[in-house]
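Trainee: Using our numbering, the letters of the sequence shown map in sequence onto residues 1 to 181.
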Amino acid sequence: MEVILIRHTSVDVPPGTCYGQTDVPLRSTFPEEAKAVREGVANYLPFDEVYTSPLSRCIRLATYCGYPDARRDARLLEMNFGAWEMQRYDEIRDPHLAEWYADYLHQPATDGESFEEQLKRVSSFLDELRKKNYRRVAVFTHGGVIVCALIYAGLVRPEEAFSHVPPYGGTISISLSPLPE
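1. Need the endpoints of the alpha helix (DSSP H) that T171 sits in, please.
2. Whose C-alpha, out of P54, P108, Q87, H8, is nearest the C-alpha of D73?
3. In three-state terms, what does DSSP make of R75?
4. For the stretch 74 to 87 against the stretch 15 to 26, are there 3 or more C-beta pairs whose distance is under 8 Å?
5. Could I get the ranges of all uninterrupted beta strand (DSSP E) runs contained in the stretch 108 to 166, with 3 residues as the minimum, in chain order?
6. Should the stretch 109 to 116 be called in touch with the stretch 126 to 138, which here means at least 3 C-beta pairs below 8 Å?
7. What residue does the alpha helix (DSSP H) around T63 start on, and which one ends it?
8. Report the option in P31, F30, C65 whose CA atom is closest to the CA atom of F47.
9. Express the C-alpha separation of A62 and E33 in angstroms, rounding to a whole number.
10. Using 8 Å as the threshold, is the C-beta distance between G82 and D111 below it?
11. Just the Cα atoms here: how many angstroms apart are H106 and G170?
12. In its own chain, which residues sit with a C-beta less than 8 Å from the C-beta of S173, not counting the 5 before and 5 after it?
13. I need the straight-line Cα distance from K131 to P68, nearest angstrom please.
14. When burial is assigned at 16 or more other CB atoms within 10 Å of the CB, is P108 buried or exposed?
15. Report yes if the CB atom of H8 is closer than 8 Å to the CB atom of Y168, and no otherwise.
16. To the nearest angstrom, how far is the alpha carbon of I92 from that of P25?
17. Tell me whether G20, by its Cβ, gets closer than 7 Å to a heavy atom of the ligand MN.
18. CB-CB under 6 Å to S10, same chain, minus the five flanking residues each way: which ones, in chain order?
19. Using only the alpha-carbon positions, how far apart do G144 and V13 sit?
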């Protein structure tokens, strides 16, 4: 099965802001960015199914690309940064931030989740997807989710995760074999 992973377009938050699962607005350049995404996604048609994160930045792009009824799945949410959401990274005074930077794979954000927990969540979605008889699906989601999918597919090592985050509006294709019954 081919899984087309599509990252939402650029968000309208100050640079350096931690926004994970906060439902933030998109930039005013959305129409131009979304048009380019839609043109790129057209190269992969048709899709057997289309999924999206339930956050508006993904739903809006899925809708623009012609999929207003894309199946919403909470496992496709970005990492939950808990108490750090909507704070600038350089202004977070939580002593756990240094621990998170030292071991983001296992250390959760305060009142949030770790990358390992996000990976388990995304893996659960992909395991379920592999049980279906799809040839090609589209997934409108977030950079962290796409990195988790790359790790799941064996294309990226967890230690390299943050160096493989696709750009806003980026599209990545992965192949997954069916799960044995």
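Just so you know, even glycine gets a beta-carbon here, dropped at the ideal spot from N, CA and C.
Mentor: Here's the rundown:
1. No alpha helix (DSSP H) contains T171, which is instead part of the beta strand (DSSP E) from 171 to 175.
2. P54
3. helix
4. yes
5. 136 to 141
6. no
7. 56 to 64
8. C65
9. 13 Å
10. yes
11. 27 Å
12. E2, V3, I4, L5, Y44
13. 24 Å
14. buried
15. yes
16. 22 Å
17. No copy of the ligand MN appears in this structure; indeed no ligand is present at all.
18. R27, Y168
19. 17 Å
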